[in-house]
């Protein structure tokens with residue numbers, strides 16, 4: 004029998020957080036804005052509600068990836084125009 008540990012709300016996306024970020028452009032966390040390649044830029048296109056947590060559906064030039072809040076905060080950031 005597998006036991007699944009459910010993360011606290013502070014470590015998961017809420018539906019409100021996820022939907023408010025729809026259509027935002029995302030880039031790698033450590034990237035320099037001037038040095039971005041097209042493959043590194045993504046757009047949040049959807050939200051997936053699994054049994055245990057909400058994930059963002061992000062479209063990149065070459066594929067589509069799912070990110071939990073923990074993965075998103077570790078790897079990506081929302082692009083803010085400068």
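Numbering (the working numbering), first residue to last: 4 to 85.
For each residue, glycine too, the CB sits at the ideal point set by N, CA and C.
From a predicted model like this one, the values you see are computed outputs, not experimental measurements.
- Message: Considering only their Cβ atoms, is the gap separating residue 15 from residue 80 smaller than 8 Å?
- Response: no
- Task: For the beta strand (DSSP E) containing residue 15, list its first residue and its last residue.
- Result: From DSSP, residue 15 is part of no beta strand (DSSP E); its letter is neither H nor E.
- Task: Use the C-beta contact count for residue 59: other C-beta atoms within 10 angstroms, 16 or more gives buried, fewer gives exposed.
- Result: buried
- Task: Specify, as a first and last residue, the run of the beta strand (DSSP E) that residue 58 falls within.
- Result: 57-63
- Query: Between the Cα of residue 33 and the Cα atoms of 84, 78, 83, which residue gives the shortest distance?
  - Reply: 78
- Report back the beta-carbon spacing between residue 29 and residue 47 to the nearest angstrom; my notes put them in contact at under 8 Å. 6 Å
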